[in-house]
Each structure stands twice: as structure tokens, then as C-alpha cells.
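**Q** I have a structure I would like to understand better, so I am pasting it below and will then ask my questions one at a time.
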Amino acid sequence: MSQTEFVLGVPPPTWNDGEEFRIHCGISGGLTRNLEPVGQQFLAHVRRKLNNHSFSDDDLLQAEVATEQEEDIISDSEEETSELLNRDPKDWKEQDHYAVLGLSKYRWKATEEQIKHAHRRKVLKHHPDKKATSGDTNDDAFFKCIQKAHEVLSDPVKRRQYDSVDDTIDDEIPSAKVKGDFFKIYGPVFERESRFSNKTPIPMLGDINTTKPEVEAFYDFWYNFDSWRSFEYLDKEDADSTDNRDDKRYIEKKNKAERTKRKKEDTVRLRKIIDQALSLDPRILKFKQEEKAAKEAKKKEKEAAAKRAEEEVRKAAEEEKQKKEMAEAEAKQKKAEEKKEKEAKKKAVRNEKKTIKTHVKNHNYFYPDNETPPVEVIDIQLSELDSLFENLSLEELQSVRKQLDSSQDRYAAKKVLVEEAKRLVSAGTLSADSIKHFSPEINEVNVKEVNAKESTPVEEPVVTEELKERPWNIEEISMLIKAANKFPGGTVNRWETISEYVAYHTSLPPRTNDELIKKSKEVQKGANALEEDVRKLQHQKKHADTRITEHPSMREATINYDEPIVSPVSPAESQNKSQPTTKVNKNKAKKSTKSQQSTKSQQSTAPTSGNIEKKETSTSAAESITISKETTEKTISSNGTTTTTVTSSASSSMSTSTSTSAAATPSQSATNWTAAQQAQLERALQTYPPDWKGEGDRWDKIAAAVDDKTKRECKLRVKYLSEQVKAKKAAMTTDKK
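Residue numbers (the working numbering): 977 to 1713.
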């Protein structure tokens, strides 16, 4: 491969190398291109090189060849008939221009060079001056015919107009019934029509061995034939023959209509030729037969392939079936083992939790043996233990249980739980605000207080500082938020109005201004300040049936633990509620019930933040399942027993509500559920509805999605909730009556 080198000019003498410069573009790489040797000059170069001639020798030889060709043309002149010589120049449209110039055998194939030589030859022969010299005074008529013929044929536009209507060329359509060689009959026809084509090259008809793509290209070309043929030469009147504008417009319109008509007839004629040739073309018949044979062969091959594929599919299906059966058997066995292992793990976790709670109970909930721990403290401790259990694995629970087994006294046992809580808080898996009784910071203070209490006679149960003040329940907090938004700052006697509003809608004693202001600030600070209160109330509501007391026989079967806890009522209020039901009292009871229901519905939309919003949402979900419109009130006596008072909203529904509550007494497996387990159950019921069509048992899937619960416990829980809803509807129906 040759390389081209470029020598760039040197910089000017005044160029300073220190001056700034900018590169506009670089030199691109070399490109390889194919150059075709064409043209007259290249042919002359090759001719000189082959013959070993110089430029002058080659020019002389070419001049001699041109002279010989001209002599051949002159010697090949046609005979001039008397009819041709006596033609009237005025009828020039009727004359044969090719015959006048002696080119009848060439006609539309005549080149410009041939036309030029023929005209020169005729001029030399028939020039008027030459005839006058020879004594022939008649005339220049034929010379004018020669000039007119040269004028028409030397102009490309006029020559096309004349060739379009050349009547010496046969335009007839071959008969479809004529038998013979198809290619000899229709080959000249398409060659004759090809002279009108605007496109080149023009495909020829070919022969019997022409390939299918070439045949298709041939007919595609002719069906989309672009013809330059026009019929202006046949105009009967010339628009230039008159100066009147209206006459010109009329003549042009008339001529245009005749041209369009002739063009349409010619297009129909050409289409008929193409259609007839296509129908008689033996190659088309051969191609159809070949296509038919190919289709049949392809069909047979397809059937054979389908048969083979069907056989392969059948074999593959059998193999797949065997593999699937084996895989299903293995998966079933593995699933059974996993289920068994999971059930064993759940059982072990439940046993460990139960053992740890038993240890706490045996240590009197870390109170001195001569004291009875308050129920509120027991609830809080059990709630905090549940929070610890949720963040501990089976191995960690076993480790805690073993340490409790080896502990000698309640101080060592509590230290084990405190250390475990400290570890979880440090790891970030447990919030320090959710741990009070097992918090390392207050553990030392509590131990000192308990030691001091042991040395002093105790007359009443020890209650922590935070229990001296009447606790806030969820309804009060919700109504406080609503009242604070309803009565903004600047309202006259704002806090007194808020106190009355909260007391009226909760049916509880009114709060002082200091209590309201303090609680409002805690709400503004966020959820951490209220987490203890919300957690206490929720645990009392959701886990009241798991409370361990000294007198388990005192538990009442008619207590509805899913109802919100109401503060103890005063004797006056109890007396008022036990009065006979009158129309006024009944209306008051209905009004109180409606206000409580309104408060519950507002809890889910109250504008709280943080953990308070989550606590209230779960609480409202638990409160949505109640069995009647009764209000359950609990009071704790001095000996630690629980007394339950049930008051009805109407005297007529007392017996019905009592019987319904007694009939719906749940078992521990149906009521001993945490908020997290309840949420997991609800999500599992949504994931696996009754019409679920998946693999495996539906209740096995639901039980697997709920922590520490078996299939039977999940069924009992759903049955329990369903019975409560039915009981509530029955109670509401009775109240309406």
C-alpha cells in the first residue's frame, strides 16, 4: 500500500516560539477508496499505452478513423424518392423527418452525431445555390423540408414529441392466442416501449433461465413505468398562431384535454401488454410450481418436526414429572422438618418467656416478701419484659433464663434483667425511654429505697411518684389535642374551657390548669414524654388477662379486657348509675355513649407525632372490636383483689349484655395477644384471604407469619374476635329496641 507524504511549510521568520497558538484541527488518517478508470482521456491513455503510440501518432490515427466513419455514413445514404423530393414544406408535420435526412432505418435509435452528418450531407446536396449553378431553378422546397427536419430532430424536446407519435413504429398489442416462443414475441415489444422510459438502465425480458428476483424486478419496473411520452405534436391548432388571449386560452385548454385523453389510452394499452405478458410468462408458472413443491416439502418437514418435537416434549414431560415429584417430595419433607423445627423453636421461646416471668413472679416482682406489689407496677414490669423478649433470640432467652436459675435473691435476678436491658439499649435495638423498672439509672435508687423500706414497717403498698397523680388515658390526650386546636391561644379563659371540654367528652373529673399546661408541653415536645403513659394504658388494655395475682380465683369471667380502662368512679357517680332507668337517664346514657364513640373515632386522626401516633393507632384498632356498649370500671381493693362493675347504657339491655359477656368468655390463648402479634395476624389474614389458592395450608401460612403463635391459637383468636363483633351487634340491636 502506497503512502502519501505531505511537507508543511516552515513558519515565517518573524514567528516567535513564545507566542500563544491555537490548534484548529488535526490531520486525519488516510482513507482507502476504489477509483474506477473511466472517461475518454483514460481510454486514450490505455490505447496509446497498448499500441505504444505517442500523442501525435494517436491523434493522426483517430482522425483517419473519423474520416472513414464519415465516408461510411455518406456511402450508406438512402435513396430519395420523387414523392419525398416534391413534399410541400408547409405540411412539415406530415413529413417523415428521419426519411428526409436519410435515417429511416435508424429512427429513434439515431445518435446526435448521425443526425449532424446526415444534415450536412443533405445540405451539400440540396442547397439552393448549388442547384442554381447546375441550372435547376426550381427551387428550395426540399431544402426547407431538410431544415425543418433538422430543427425538430436536433432539439431533444421536439424530437421526443415527434418520437412519441412516430406512426412508422408498430404499437399493436400481440394477441394472447398467438402460439410461439414467448420471449421472441414479447421481447421486441418491451424493447420498443422502453424508448419512452425516464429511468435507466431498463431491465430486459430475459429468457427461461432468468432468476426469480430478476423476473420480479422486471415486472415491478414495468408496473411502475415512468414514461416521458407526450402528444403535443398532434395538436390540431397552435396557440401561438393567434394574438388573442382568449383564443389562446381556449386553444390550450382544448389541446390539453386531447393530450390527457391520448395519454390515458396509452397507459391502458401499456398495462394490458404487461398483464398479458405476466399471465403467459412460462417462468411465472415454473416459479409457482416450485413454490408449491417447496411448500409441500416444508409442510412434510414441519409435520415430521412436530412429530419429533411432540415425542421430545412427551419424554421431557415424563422426566419433568418425575423430577417434580421427587422435588415435591423433598420439599415436602424439608418443609415438614422446617415446620417441626420452627414449632419447636416457638415452643422453646414460649417456655423460656414463661420461665423468666415465673422467676419474676417468684421474686415477688422484686418487692420485699412482706409486701404486695401494686397491680400497676406488675403490669408495667410485664410490659417491659415483653419489650425485652421481642428483641431477644432463643439463645439469648436461654442465657437469661440460666442466669436467673442461678441467681440467689431478687437483687441478683433483677441485675440480670437490668444488664440485658442495658445491652439492648447500648446496641440501639431498644429505646431507653421504654424501660423504667429495668433501667440501670434508676435501679440503684430503687434498691436503696427498697432496702430502706424493709427496715421500716409498711402499712400501705409502695406506689411510685408517677402514680400519685391521676394518670392520663388515651381519650383524655386525644380530646386535649382536639381542644387545644379548637381553642387557640388568646381565647378568654382558654384552659378552663379546655378543662370543661375534656371532662365533658371523657366523662372524667376535670383537670387543673397546671395539669393541662404540663401535658400540652409534653405533647409539643414529642412522643418520648408520653410513651410511658401510652404504654401503661395499652398494656392494661391488651394484656389484662395475663396478669399474675395472688388470688387467681377472684378473676371475673364477665370482664371485657378489650374495653378502654376507665378511672375509678366516685360513690356519687356509682349511685347515680345504679339508679332506675328513666327517660332522662336513658338519654344521658346514650349521649355519653355517643361522645365516647366520637372520641374513639377521632383518635386515629388526632395530630400527634412519633411513637404516640403509633400507640394510638394500635389502641384504636383494638378498641374497634368491642362486645357491647357497656362501661367496665375496675377498682383495686386493699387486699389486691379486683372488683368489676358493669353498668349498662339502658336498663332493658342489662340481662342481654350480661349473658352475652358470659357466653363470650375467651380463653387465654385467644386473649393473650400483644399489639405486635395482633398486627401480624391482621397482615397475614390480608395476605392469605379465604379464597387463597396457593400451596400449603392457609392457616399454616398465617401461623408462620405470627410470632410465638400456633395454628390453633390463631384460629381461636379469629373466632374470639368474630364472636365479639357479633355480640356487639346483638347488644346494639337490643339497645335500639
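In this text, a Cβ means the ideal position worked out from N, Cα and C, and glycines have one as well.
Whose C-alpha, out of Tyr-1480, Phe-1201, Val-1468, Ala-1460, is nearest the C-alpha of Lys-1497?
**A** Closest option to Lys-1497, judged by alpha-carbon separation, among Tyr-1480, Phe-1201, Val-1468, Ala-1460: Ala-1460.
**Q** Below 8 Å on the Cβ atoms is my guess for Lys-1120 versus Pro-1065; work out the distance and round it to an integer in Å.
**A** 4 Å
**Q** Taking 6 Å as the limit between beta carbons, can you name the residues of its chain near His-1126, skipping five residues before and five after?
**A** His-1095
**Q** So the candidates are Trp-1084, Arg-1693, Ile-999, Asp-1490; which of them puts its Cα closest to the Cα of Gln-1644?
**A** Arg-1693
**Q** According to DSSP, simplified to helix, strand and coil, what is Ser-1203?
**A** In the structure shown, Ser-1203 sits in a strand (DSSP, three-state: E or B).
**Q** Determine the direct distance from the alpha carbon of Phe-1197 to that of Arg-1245, and round the result to whole angstroms.
**A** 16 Å
**Q** Please state whether DSSP places Ser-1255 in a helix, a strand or coil.
**A** helix
**Q** Give the straight-line distance between the Cα atoms of Asp-1714 and Tyr-1387, rounded to the nearest whole angstrom.
**A** The structure shown does not extend to residue 1714, since the chain is modelled only from 977 to 1713, so the question has no answer here.
**Q** As a quick exercise: from Pro-987, Ala-1646, Met-1180, pick the residue whose alpha carbon is nearest that of Lys-1691.
**A** Sorting Pro-987, Ala-1646, Met-1180 by C-alpha distance to the C-alpha of Lys-1691 places Ala-1646 at the top.
**Q** Evaluate contact between the segment 1291–1311 and the segment 1324–1340, counting only Cβ atoms and requiring at least three cross-stretch pairs below 8 Å.
**A** The segment 1291–1311, when compared against the segment 1324–1340, does not touch it at the 8 Å Cβ threshold.
**Q** Can you give the Cα-Cα distance for Ala-1408 and Val-1401, rounded to whole angstroms?
**A** 6 Å
**Q** For Met-1455, count neighbouring Cβ atoms within 10 angstroms of its own Cβ and tell me buried if that reaches 16, exposed if not.
**A** That one is buried.
**Q** For the alpha helix (DSSP H) that contains Tyr-1664, what are its first and last residues?
**A** Here Tyr-1664 belongs to no alpha helix (DSSP H), and DSSP marks it neither H nor E.
**Q** Tell me which residues share the same chain as Trp-1471 and place their Cβ nearer than 8 Å to its Cβ, disregarding the 5 neighbours each side in the sequence.
**A** Asn-1489, Leu-1492, Ile-1493
**Q** How far does the alpha helix (DSSP H) with His-1021 in it extend, from its first residue to its last?
**A** 1016–1027
**Q** For Leu-1254, I'd like the list of residues in its chain whose CB is within less than 7 Å of its CB, leaving aside the five on either flank, ordered along the chain.
**A** So the qualifying residues of the chain are Tyr-1195, Ile-1260.
**Q** So for Ser-1004, helix, strand or coil by DSSP?
**A** Here Ser-1004 sits in coil by DSSP.
**Q** According to DSSP, is Ser-1173 part of a helix, a strand, or is it coil?
**A** strand
**Q** Ignore the nearest five residues each way along the sequence and tell me which others in His-1073's own chain have a CB closer than 7 Å to its CB.
**A** Ala-1125, Val-1128, Leu-1129, Tyr-1138
**Q** Under a Cβ-count criterion, where at least 16 other Cβ atoms within 10 Å of its own Cβ denotes burial, should Asp-1033 be classed as buried or exposed?
**A** By the Cβ neighbour-count rule, Asp-1033 is exposed, with fewer than 16 other Cβ atoms within 10 Å of its own.
**Q** Helix, strand or coil, according to DSSP, for Glu-1054 in the structure here?
**A** coil
**Q** Nearest-angstrom Cα distance between Gln-1379 and Ile-1356?
**A** 22 Å
**Q** Quick check for students: name the residue ranges of the alpha helix (DSSP H) that lie wholly in the segment 1348–1376, counting only runs of 4 or more.
**A** Every alpha helix (DSSP H) stretch that sits fully inside the segment 1348–1376 and reaches 4 residues is listed by chain position as 1351–1366.
**Q** Does DSSP put Glu-1395 in a helix, a strand or coil?
**A** helix
**Q** Indicate, with yes or no, if the ligand NAD has a heavy atom lying under 7 Å from the CB of Lys-1239.
**A** Summarising the ligand content, the structure contains no ligands, and the ligand NAD is consequently not present.
**Q** What residue range is occupied by the uninterrupted alpha helix (DSSP H) comprising Leu-1100?
**A** 1088–1102
**Q** Whole angstroms is fine: what's the gap from Arg-1659's alpha carbon to Glu-1452's?
**A** Roughly 30 Å separates the two Cα atoms.
**Q** Count the other CB atoms, across all protein chains shown, that sit within 10 Å of the CB of Lys-1685; report buried if there are 16 or more and exposed otherwise.
**A** buried
**Q** Compute the Euclidean distance between the alpha carbons of Asp-1035 and Thr-1176, then round it to the nearest angstrom.
**A** 33 Å
**Q** Would you decide whether Arg-1377 is buried or exposed? Buried here means 16 or more other CB atoms lie within 10 Å of its CB.
**A** That one is buried.
**Q** Counting along the chain, where does the alpha helix (DSSP H) carrying His-1716 start and finish?
**A** Nothing about residue 1716 can be read from this structure; the chain reaches only from 977 to 1713.
**Q** Closest to Ser-1058 by C-alpha separation, out of Asp-1067, Val-1076, Glu-1070, Lys-1069, would be which residue?
**A** The candidate whose alpha carbon is nearest that of Ser-1058 is Val-1076.
**Q** Let me know if Arg-1487 comes out buried or exposed under the rule of 16 or more other beta-carbons within 10 Å of its beta-carbon.
**A** buried
**Q** Whose CA, out of Glu-1372, Asp-1667, Thr-1663, lies closest to the CA of Ala-971?
**A** The displayed coordinates of the chain run from 977 to 1713. Any statement about residue 971 would go beyond what the structure contains.
**Q** If you drop the 5 nearest sequence neighbours on each side, which residues of the same chain put their C-beta closer than 6 Å to that of Arg-1171?
**A** Contacts found: Trp-1084.
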